[in-house]
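Protein chains: 2
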Amino acid sequence: MNQLRAQANGRPASSGIPEATVARLPVYLRALTALGESGLRTVSSEQLATAAGVNSAKLRKDLSYLGSYGTRGVGYDVEYLRYQIAREIGVNQDWAVVIVGIGNLGQALSNYGGFRSRGFRIVALVDGDASRVGEMHGDLAIAHIDELDRLVVERGCSIGVIATPGDAAQAVADRLVAAGVTSILNFAPAVLTVPEGVDVRKVDLSIELQILAYHEQRKRTPGADREGLPSEQVVES
Amino acid sequence: MNQLRAQANGRPASSGIPEATVARLPVYLRALTALGESGLRTVSSEQLATAAGVNSAKLRKDLSYLGSYGTRGVGYDVEYLRYQIAREIGVNQDWAVVIVGIGNLGQALSNYGGFRSRGFRIVALVDGDASRVGEMHGDLAIAHIDELDRLVVERGCSIGVIATPGDAAQAVADRLVAAGVTSILNFAPAVLTVPEGVDVRKVDLSIELQILAYHEQRKRTPGADREGLPSEQVVES
DNA sequence: TCGATTTTGTTCTCACGTTCACAAGCTCTT
DNA sequence: AAGAGCTTGTGAACGTGAGAACAAAATCGA
Ligand SMILES: NC(=O)c1ccc[n+]([C@@H]2O[C@H](COP(=O)([O-])OP(=O)(O)OC[C@H]3O[C@@H](n4cnc5c(N)ncnc54)[C@H](O)[C@@H]3O)[C@@H](O)[C@H]2O)c1
Ligand SMILES: NC(=O)c1ccc[n+]([C@@H]2O[C@H](COP(=O)([O-])OP(=O)(O)OC[C@H]3O[C@@H](n4cnc5c(N)ncnc54)[C@H](O)[C@@H]3O)[C@@H](O)[C@H]2O)c1
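So the sequences go chain by chain: A and B.
Everything in the first sequence is counted per the UniProt record's numbering, starting at 1 for the first residue and increasing by one.
Everything in the second sequence is counted per the UniProt record's numbering, starting at 1 for the first residue and increasing by one.
Here is the structure:
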């Protein structure tokens with residue numbers, strides 16, 4: 001309901017949500033969706049925290065950045081909270097996404113149905129290989145990268161996904177930015193340089209495995225450390 | 001100050017590498033490999049930091065956890081530092097990996113050649129769908145999940161990758177753990193519960209997109225916040 | 001109506017991570 | 001041999017995040 005209440009209330013003024021909290025909101029959103037589908041109407045911070053795999057104090061603090069959407073002694077209305085988080089993240093509207101590099105990974109992404117239900121619609125597939133142009137994936141045909149500008153503008157893409165080899169990634173990023181894309185998800189093992197105002201997030205599977213390997217190696221070395229071995233759970237960073 | 005770190009002189013302090021540093025070591029490793037291939041013998045913290053996309057002070061502090069491998073006034077020997085980081089992470093040896101769930105994503109992962117060169121060898125593909133058993137991917141055949149125990153033991157897997165739908169993920173994780181896997185990389189949108197001593201890292205592409213969407217939405221809202229807009233670069237979390 | 005009970009929202013403290021700034025230490029030139 | 005010029009390694013300041021603890025607010029039963 002009242003979307004103006006935030007200001008009057010002394011809320012963190014819509015701007016000040018910590019990055020760590022932003023990264024957890026989608027997790028809460030998913031947990032709420034699952035709980036809602038199971039028929040639950042109201043949820044306590046303890047229940048929701050368990051479902052999301054976090055500490056309940058942390059959950060409450062995270063939610064408090066959005067506003068006071070709970071009821072003391074009762075908990076949170078599942079559907080209402082779900083809506084508020086979705087609105088805050090911006091997944092009530094649909095975001096148009098272009099994928100560049102339709103190889104192994106690009107194809108997997110384009111075939112994935114889970115994005116649509118979460119507010120993202122893949123509206124263009126682009127590749128540098130001319131011999132692949134026209135190939136259909138679902139109801140989208142692969143276009144040549146020279147069409148990128150036109151497609152981004154015509155279809156209103158603000159998010160671009162890079163799934164090319166690493167040595168092409170910077171050039172692709174430059175073209176995406178030139179075309180007007182202001183958010184990039186990069187799967188290529190490369191450090192991207194982009195102008196201010198453009199957000200880049202990277203997903204690097206080799207790095208994830210290497211981090212696991214580091215801890216795995218630690219478990220193997222018999223002594224040498226590890227006095228009071230703690231939780232050992234490694235989740236996100 | 002810290003009375004344990006002393007240990008002797010500049011010992012790597014074996015146990016105490018901060019998690020944030022561990023997550024960056026693979027990035028340095030990749031940058032060093034690239035610099036080495038381009039013929040560079042020696043590199044300064046400033047150069048390497050630029051190549052890795054981090055602050056040079058942070059780089060030096062990170063490296064200092066491994067030991068004193070640089071030379072003041074000169075920099076770091078590229079090959080020597082590369083070796084030291086690889087040894088610290090544990091990617092000198094090969095790690096055997098099993099992938100569970102050979103759908104869109106599982107296939108992309110199994111076809112990907114970049115893992116082998118970074119210390120990981122995919123040694124088993126497992127799926128729950130009996131009709132897929134025997135299907136070849138590269139030189140590996142898909143096995144049924146009931147073979148998981150045997151395969152993990154026979155082929156010495158310590159790392160498991162989950163690429164099944166979300167509702168199967170917990171059951172798969174349980175089976176992996178029961179088979180002896182102690183590190184899990186989870187692509188399914190689900191919160192996993194595992195025993196102490198088992199590491200879980202999750203890669204959630206929907207969440208990455210949602211984080212981008214959040215910031216994208218912020219850029220759109222004209223006023224309401226953003227007085228002194230800062231770097232705006234979002235890299236990892 | 002009042003007190004018991006529940007659960008939120010927030011405060012406080014501690015731990016962790018980042019960045020600055022600079023002394024220590026190395027090389028090279030004179 | 002000594003000083004100039006770099007670059008590392010680290011102490012210290014600062015900022016962000018996590019978690020414990022508790023007061024404030026709501027419901028419920030008597
Ligand atoms: N496949 C995986 O499981 C996996 C795992 C980890 C990392 N990655 C990374 O993801 C990226 C993609 O991996 P992949 O396995 O899909 O690679 P791939 O080689 O199968 O596909 C790359 C695609 O990009 C296209 N391409 C190349 N240069 C281009 C350019 N300049 N502009 C546009 N398109 C171009 C190619 O034509 C090809 O279709 C790589 O950087 C890889 O390192 C992939
Ligand atoms: N494909 C993508 O680009 C993408 C993107 C984001 C997230 N994900 C997530 O990654 C996971 C895999 O995605 P996908 O597109 O490859 O799905 P998919 O449906 O193509 O493949 C899933 C595979 O898992 C197998 N499977 C199902 N239940 C199993 C069980 N109990 N034991 C063993 N195997 C089982 C199925 O037989 C199938 O082969 C999903 O959780 C999905 O949400 C995928």
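Yeah, the Cβ is synthetic: ideal placement off N, Cα and C, and Gly gets one too.
Everything numeric in this text was worked out from a predicted model, so none of it was measured.
Residue i - partner residues in DSSP beta bridges
| i | result |
| --- | --- |
| A/Ile28 | Just to set this straight, residue 28 of chain A is Tyr in the shown sequence, not Ile. According to DSSP, A/Tyr28 bridges with nothing at all. |
| B/Asn92 | None; B/Asn92 has no bridge partner. |
| A/Ser183 | A/Ile159, A/Asp199 |
| A/Thr42 | A/Asp77 |
| B/Val126 | B/Val100, B/Ala143 |
| A/His215 | Paired residue(s): none; A/His215 is not in a bridge. |
| A/Gly70 | A/Tyr76 |
| A/Phe115 | Paired residues: none, contrary to the question. |
| B/Arg121 | B/Ala96 |
Closer than 8 Å at the beta carbon, the chain A residues around residue i
| i | result |
| --- | --- |
| B/Val191 | Val27, Ala31, Ala51, Ala52, Gly53 |
| B/Arg118 | Ser206, Leu209, Gln210 |
| B/Ser131 | Those do not exist, as B/Ser131 stays about 19 Å from chain A at its closest Cβ, beyond 8 Å. |
| B/Val78 | Result: empty, since nearest Cβ-Cβ is about 17 Å, beyond 8 Å. |
| B/Gly114 | Pro189, Ser206 |
Interface partners of residue i on chain A, CB under 7 Å
| i | result |
| --- | --- |
| B/Leu140 | What B/Leu140 touches in chain A: nothing, since even the nearest Cβ is about 15 Å away. |
Proximal residues of chain B, C-beta to C-beta of residue i below 9 Å
| i | result |
| --- | --- |
| A/Ala108 | Gly103, Asn104, Leu105, Gly106, Gln107, Ala108, Leu109 |
Neighbouring residues, chain B, relative to residue i (Cβ below 8 Å)
| i | result |
| --- | --- |
| A/Ile159 | Leu209, Leu212, Ala213, Glu216 |
| A/Gly156 | Residues of chain B passing the Cβ test: none, with the nearest at roughly 12 Å. |
Q. Looking at chain B, which residues of the region 40-68 of chain A have a Cβ within less than 8 Å of any of its Cβ atoms?
A. Ala51, Ala52, Gly53
Q: Pull out every residue of the region 201-215 of chain A whose Cβ sits closer than 9 Å to any Cβ of chain B, in chain order.
A: Arg201, Lys202, Val203, Asp204, Leu205, Ser206, Ile207, Glu208, Leu209, Gln210, Ile211, Leu212, Ala213, Tyr214, His215
Q. Between the region 167-190 of chain A and chain B, which residues of the former have CB atoms less than 7 Å from a CB of the latter, in chain order?
A. Thr182, Ser183, Leu185, Pro189
(Q) Does the structure place the region 107-122 of chain A close enough to the region 73-82 of chain A that three or more beta carbon pairs sit under 8 Å? (A) no
Q) Contact between the region 50-57 of chain A and the region 137-156 of chain A: three or more CB pairs below 8 Å? A) no
Q | Where the region 71-96 of chain A meets chain B: residues whose CB sits under 7 Å from a CB there | A | Ile89, Gly90, Val91, Trp95
Q) Is the number of C-beta pairs between the region 94-104 of chain A and the region 57-72 of chain A that are closer than 8 Å three or more? A) no
Q. Do three or more CB pairs link the region 160-169 of chain A to the region 130-139 of chain A at distances below 8 Å?
A. no
Q) How about the region 205-215 of chain B and the region 179-186 of chain B: do they share at least three Cβ pairs that are nearer than 8 Å? A) no
Q. Looking at C-beta atoms only, is the number of pairs between the region 146-165 of chain B and the region 188-197 of chain B that lie closer than 8 Å three or more?
A. yes
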